[in-house]
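Undergrad:
In this note's numbering, the protein residues as written are 16 to 236.
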């Protein structure tokens, strides 16, 4: 009898000790999630289409674009230097709870300046009062040191399946992530963006990627 009591107490102690760890939510289900365990670049989901827009230039054109956006909103990748010049548009994005992410510079800049990512991240958090879940370099090149920093910060590297700005609309493909540029030397017209948005149903990047399978881009070591 005494042995049974001791065994029962031991089991209760172990249950109390390890239960919090057993019921701890998965990191993939928390707000700051990582969709992959190892540093890599996500370029496609498994179904549907998601729209992303890279913003580093313009005021009135961006304002016109924001006025045309309807749910489900595209994911807006924002350059922090642009954000510093147009705080009124940053406030508009925050007021409407538009999904925003951090747009970086060319990938090779992060190999030259190892502090650049941290600086941009700090600026983004100051402007938007939140940490981004997504990061993209403007040329979608992600050197390995940068990927490791993103992984440590629990920020996902997001590439794209299709880069489009004008002309014939891209054909729908399962899980495609479309990126649209809005830069000084390369940008889509608001009318073309509206034409694309009206051409098919889009969904958020999160809905596109929270599926059993996601495709990633292998990065050489």
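Just so you know, even glycine gets a beta-carbon here, dropped at the ideal spot from N, CA and C.
Please state the DSSP three-state secondary structure of residue 58.
TA: In the structure shown, residue 58 sits in a strand (DSSP, three-state: E or B).
Undergrad: Along the alpha helix (DSSP H) that carries residue 100, what are the first and last residues, could you check?
TA: Per DSSP, residue 100 belongs to the alpha helix (DSSP H) from 95 to 100.
Undergrad: State the Cα-Cα distance for the pair residue 205 and residue 80, rounded to the nearest angstrom.
TA: If I take the Cα positions, the gap works out to 6 Å.
Undergrad: Who are residue 90's beta bridge partners in DSSP?
TA: Partner(s): 67.
Undergrad: Is the beta carbon of residue 153 less than 8 Å from the beta carbon of residue 120?
TA: The answer is yes: Cβ separation under 8 Å.
Undergrad: Mind checking residue 110: buried by the 16 CB within 10 Å criterion, or exposed?
TA: By the 10 Å Cβ count, residue 110 comes out exposed.
Undergrad: Considering just the uninterrupted stretch of the alpha helix (DSSP H) at residue 160, what are its terminal residues?
TA: Looking at the DSSP string, the run of the alpha helix (DSSP H) that includes residue 160 is 159 to 167.
Undergrad: From the DSSP output, in three-state form, read off residue 225 for me.
TA: Coil.
Undergrad: Would you mind stating whether residue 87 and residue 68 have Cβ atoms separated by less than 8 Å?
TA: Not in contact: residue 87 and residue 68 (Cβ atoms no closer than 8 Å).
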